[in-house]
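> If you use our numbering, the sequence shown corresponds to residues 1150 to 1312, in order.
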Amino acid sequence: MDEYKIKLIQSVVVAVLFLLLKFLINKLIKKVSLKFEYHKPRIKIVSKLISLLLFSVALGFVFIIWGIDQSDLFLFISSLLTIVGIAFVAQWSLLSNITSTLIIFFSHPIRIGERITILDKDYNMEGQISDIRIFFIIIKTTDGEYVTIPSSVFMQKMIKKNK
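Next comes the structure, spelled out in structure tokens:
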């Protein structure tokens, strides 16, 4: 068989595996979200992040299959990661907030609509969780004001669920 056709078949296999893994992981995320009654925006964010990671891995395999010179590929990826790394050092809290949002999604016992008190040594804040976004938690206070808290800060505070 022609080498071109073999590479094409291998690329199709990688694409099918990517789609299959994406489907299975999204199904798992939906199961977890139904079990813990997570809202659709949270599910959408986590699904997009995981899909991006899977796509990056699949793209790497396709590059290897088609014989892109590994030293050139390594140079490109390391340059890209260096730029991204510098951006994250400049804004280190971005990565921290994304990671915190994933942790909150999968293992934190709070949900949108629940009433909580954030216990702080200087100032306790009471309110209802209005939304959980990729970087922030939005809380509607008892005064009717909306307070935005970075996910990483939220993870560091003691949270009391109110009844």
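Positions of the beta carbon are idealized from the N, C-alpha and C atoms, including for glycine.
1) Looking at residue 1245 and residue 1303, is the spacing between their C-beta atoms short of 8 Å?
2) Taking all protein chains shown into account, decide if residue 1225 is buried (16 or more other Cβ within 10 angstroms of its Cβ) or exposed.
3) On the criterion of 16 or more Cβ atoms from any shown chain inside 10 Å, does residue 1293 qualify as buried, or is it exposed?
4) What's the call for residue 1234, buried or exposed, on a 16-neighbour Cβ count within 10 Å?
5) DSSP three-state label for residue 1204, please.
6) Quick one: give me the first and last residue of the alpha helix (DSSP H) that residue 1303 is part of.
7) Give me the Cα-Cα distance between residue 1221 and residue 1230, rounded to the nearest whole angstrom.
8) Just to confirm, are residue 1214 and residue 1159 a CB contact at a threshold of 8 Å?
Taking the definition as stated:
1) Here the question's residue 1303 lines up with position 154 in the sequence shown. Here the question's residue 1245 lines up with position 96 in the sequence shown. No, the pair does not count as a contact, with Cβ atoms beyond the cut-off.
2) As a first step, residue 1225 must be located in the sequence shown, where it is residue number 76. The residue in question, residue 1225, is exposed, as its Cβ has fewer than 16 Cβ neighbours within 10 Å.
3) Taking the sequence shown and counting its residues from 1, one reaches residue 1293 at position 144. Exposed is the call here.
4) By one-based count along the sequence shown, residue 1234 stands at place 85. Classification of residue 1234: exposed, given that the 10 Å Cβ count is below 16.
5) For the purposes of this step, residue 1204 is taken as residue 55 along the sequence shown, with counting starting at 1. Residue 1204 falls in the helix class under three-state DSSP.
6) For the purposes of this step, residue 1303 is taken as the residue at position 154 of the sequence shown. Residues 1300 to 1305.
7) By one-based count along the sequence shown, residue 1221 stands at place 72. By one-based count along the sequence shown, residue 1230 stands at place 81. The alpha-carbon atoms of residue 1221 and residue 1230 are separated by roughly 14 Å.
8) Taking the sequence shown and counting its residues from 1, one reaches residue 1214 at position 65. Taking the sequence shown and counting its residues from 1, one reaches residue 1159 at position 10. Against a cut-off of 8 Å, the Cβ pair of residue 1159 and residue 1214 comes out as a contact.
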